[in-house]
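> Letter by letter, the sequence shown follows residues 9 to 415 of our numbering. Have a look at this one before I ask anything.
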Amino acid sequence: MVELHRPKGTRDFLPQDMERRRWLEGRLRGVTERFGFGEIATPAFESTELFTLRSGQGIIEDMYNFKDKGGRDIALRPELTAPTMRLYVEGLLGAPKPLKLSYFGNCFRYEQPQKGRYREFWQFGAEILGAKRALGEIEILALAHECLASSGLKDFVFRIGHVGVLRKLLSDNGIPPERQSPLWPLIDKKDFEGLRAALAGMKIESGPILAVLESRGGREVLQKVPGSGLEEVLDGLSLLGVGDYVIEPGIARGLDYYTGMVFEVEVPGLGAEKQVCGGGSYSLSELFGAEPVTSTGFALGFDRMLVALEAQGAAFPVRKIDFYIVPMGPKEREEGLRVLAALRKAGRSADIDLADRNLSKALRYAAATNASEAVILGEDELKNGELTVKNLASGQQRKATLGELLK
Ligand code: HAM
9 MVELHRPKGT RDFLPQDMER RRWLEGRLRG VTERFGFGEI ATPAFESTEL FTLRSGQGII
69 EDMYNFKDKG GRDIALRPEL TAPTMRLYVE GLLGAPKPLK LSYFGNCFRY EQPQKGRYRE
129 FWQFGAEILG AKRALGEIEI LALAHECLAS SGLKDFVFRI GHVGVLRKLL SDNGIPPERQ
189 SPLWPLIDKK DFEGLRAALA GMKIESGPIL AVLESRGGRE VLQKVPGSGL EEVLDGLSLL
249 GVGDYVIEPG IARGLDYYTG MVFEVEVPGL GAEKQVCGGG SYSLSELFGA EPVTSTGFAL
309 GFDRMLVALE AQGAAFPVRK IDFYIVPMGP KEREEGLRVL AALRKAGRSA DIDLADRNLS
369 KALRYAAATN ASEAVILGED ELKNGELTVK NLASGQQRKA TLGELLK
């Protein structure tokens, strides 16, 4: 016999998992709708070039890519910002701006799997194209914040930085852009020891750079990074009621299309895979052959949000089925099917015993499948035209007509 397993880093989702996932998805979609975003969907696979164009061949290591039967280089999408920009350049250049787009989809990265890090995972995200820079950033930060807050997530840390001023900081300290690349991963990982060594190797004084990278706090920290323009963004956030952020100029972000404001959200209790959201302002349209357009966005790590919510003991709503019908014999089954159809047609959720089991076994099954009430159909019930309805939580029984149940 062949043993079949799902591929490394992937997961199956059972009905109870999907119930939570659909609940969170609905919650997040409700927020983007309230904020006036329109949802898009793009293919799960794209030309590999879409992702290497900006990030270089190095990103191939982190992707699922292959040649299709027509010899095309294809990659499973590792994220949804580049696909969104491709869609924009291909079909939305003439659309009224600003464009407010949201998405929810699976992404694929060839990573070493662990809790909170998968090879197939889901991102829920949004992008704003063509807004006035600061206004778009205010809206995107407020949206990300509201998505996290309305999911019920507690204790998340919202960190805001600016890679533009970070690049300038390095240039001003004698490191021109073409020599900066090796430093970014160290900054991103907050490996300040490694950074100090790398700067020493480049004969650059590390003190002034580290003083900025290690700073963290409220609005006053912006004084250390003049020219970010973040003051205006923070003013807007405060008017929208968002004040629980940390300014952290050392945020580097792993992806290299960012040019301005960047932000990350983490849930410290999650351990290594604590980052539940990442985003910022970037430029990609020129690279894809279009005019420059201000672009800002974020993606929530949907799976990590669920891990965090579960760890925090969040009360996920449990979907109940209103009625579970238990017919006691073949005649009663016929009537049971009529009752079932009437209930379903009236918009109530209803299920019927499909295993032809005795009453006590059927009731146990009904309780296990989260039914609220069992509708018992025996000889007496058929004769009297009344149904016995048993509340499966309290055990209490009552008599009711079908008309009463339909209400
Ligand atoms: P990112 O930081 O690479 O940004 O991914 C966003 C989020 O996806 C992360 O914060 C994390 O929660 C989740 N994530 C990433 N990799 C995995 C994984 N292997 N397993 C589970 N969750 C994961 C982006 O992808 C950008 N496109 C965000 C963006 C949108 N920037 C501007 N617009």
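Glycine included, each C-beta is placed from N, C-alpha and C at the ideal position. These figures come from a predicted structure and were not determined experimentally.
1. Following a CB-centred definition, is residue 109 positioned closer than 7 Å to any heavy atom of ligand 1?
2. Rounded to whole angstroms, what's the CA-CA distance from residue 237 to residue 158? Just pull it up for me.
3. What does a CB cutoff of less than 6 Å around residue 178 pick up in its chain, not counting 5 residues either side in sequence?
4. Determine the direct distance from the alpha carbon of residue 382 to that of residue 22, and round the result to whole angstroms.
5. Taking the beta strand (DSSP E) that residue 81 falls in, what are its first and last residues?
6. Consider the C-beta atom of residue 70 and the heavy atoms of ligand 1; say whether any pair is separated by less than 7 Å.
7. Scan the segment 185-235 and note each continuous beta strand (DSSP E) run of 3 residues or more that stays entirely inside, going in chain order.
8. Beta carbon of residue 285: closer than 7 Å to some heavy atom of ligand 1?
9. For residue 115, list the residues DSSP reports as bridge partners.
10. With residue 242 as the anchor, note down where its alpha helix (DSSP H) starts and where it stops.
11. Could you check whether the Cβ of residue 135 sits closer than 7 Å to any heavy atom belonging to ligand 1?
12. Thinking C-alpha only, which one of 295, 388 and 160 is nearest residue 318?
13. My parser needs the alpha helix (DSSP H) runs of 4 or more residues fully inside the segment 12-86; what are they?
14. Mind reading off the beta-carbon distance from residue 362 to residue 384? Whole number of angstroms is fine, and I expect it under 8 Å.
15. Report the rounded CA-to-CA distance for residue 409 versus residue 397, giving the unit in angstroms.
16. Buried or exposed for residue 256, please, with buried defined as at least 16 other CB atoms from any protein chain shown within 10 angstroms of its CB.
17. Distance check for residue 128 and residue 20, CA to CA, integer angstroms please.
18. Excluding the 5 residues preceding and the 5 following residue 142 in the sequence, name in chain order all residues of the same chain whose CB lies nearer than 8 Å to its CB.
19. Can you give the Cα-Cα distance for residue 355 and residue 411, rounded to whole angstroms?
20. Excluding the five sequence neighbours on either side, which residues of its own chain have a C-beta within less than 8 Å of the C-beta of residue 31, listed in chain order?
21. Return yes when at least one heavy atom of ligand 1 lies under 7 Å from the C-beta of residue 88, else no.
22. Under 8 Å: do the segment 106-124 and the segment 133-151 share three or more Cβ pairs, one atom per stretch?
Quick look at the numbers:
1. Reading the sequence shown from its first residue, position 101 is the one you call residue 109. Incorrect: residue 109 has no Cβ contact closer than 7 Å to ligand 1.
2. As a position in the sequence shown, residue 237 is number 229, starting the count at 1. As a position in the sequence shown, residue 158 is number 150, starting the count at 1. Residue 237 and residue 158 have their C-alpha atoms some 28 Å from each other.
3. Within the sequence shown, numbered from 1, the residue matching residue 178 stands at position 170. The residues are 188.
4. Within the sequence shown, the letter at position 14 stands for residue 22. Within the sequence shown, the letter at position 374 stands for residue 382. Rounded to whole angstroms, the gap between the alpha carbons of residue 22 and residue 382 is 24 Å.
5. As a position in the sequence shown, residue 81 is number 73, starting the count at 1. Element bounds for residue 81: 81-84.
6. On the sequence shown, position 62 is the one that residue 70 refers to. No, Cβ of residue 70 sits at least 7 Å from all heavy atoms of ligand 1.
7. Runs of the beta strand (DSSP E) inside the segment 185-235: none found.
8. What you label residue 285 is simply residue 277 of the sequence shown in a count that begins at 1. Because some heavy atom of ligand 1 lies under 7 Å away, the Cβ of residue 285 counts as near it: yes.
9. The residue given as residue 115 occupies position 107 in the sequence shown. For residue 115, which the question treats as bridged, DSSP gives the partners 129.
10. On the sequence shown, residue 242 is found 234 positions in, with the first residue counted as 1. Here the alpha helix (DSSP H) through residue 242 covers 238-247.
11. As a working mapping, residue 135 is identified with position 127 in the sequence shown. In terms of side-chain proximity, the C-beta atom of residue 135 is found nearer than 7 Å to a non-hydrogen atom of ligand 1.
12. The sequence position of residue 318 within the sequence shown is 310, counting from 1. Among 295, 388 and 160, the Cα nearest to that of residue 318 is on 160.
13. Scanning the segment 12-86 for uninterrupted alpha helix (DSSP H) segments of 4 residues or longer gives 23-42 and 57-63, listed from N- to C-terminal end.
14. Looking up residue 362 in the sequence shown gives position 354. Looking up residue 384 in the sequence shown gives position 376. Not a contact, Cβ separation roughly 16 Å.
15. For this step, residue 409 is matched to residue 401 along the sequence shown. For this step, residue 397 is matched to residue 389 along the sequence shown. Distance between the alpha carbons of residue 409 and residue 397 is about 10 Å.
16. Numbered from 1 along the sequence shown, position 248 holds the residue referred to as residue 256. With 16 or more other Cβ atoms within 10 Å, it is buried.
17. Here residue 20 refers to the residue found at position 12 of the sequence shown. Here residue 128 refers to the residue found at position 120 of the sequence shown. Cα to Cα, the separation comes out at about 11 Å.
18. As a working mapping, residue 142 is identified with position 134 in the sequence shown. For residue 142, where only same-chain residues beyond five positions count, the Cβ hits under 8 Å are 237, 240, 241 and 244.
19. Residue numbering aside, residue 355 sits at position 347 when the sequence shown is read from its first letter. Residue numbering aside, residue 411 sits at position 403 when the sequence shown is read from its first letter. Rounded to the nearest whole angstrom, the CA to CA distance from residue 355 to residue 411 is 13 Å.
20. Stepping through the sequence shown from its first residue, residue 31 is reached at position 23. Here the set comprises 324 and 325.
21. For this step, residue 88 is matched to residue 80 along the sequence shown. For residue 88, the shortest separation between its Cβ and any heavy atom of ligand 1 lies below 7 Å.
22. The segment 106-124 is in contact with the segment 133-151.
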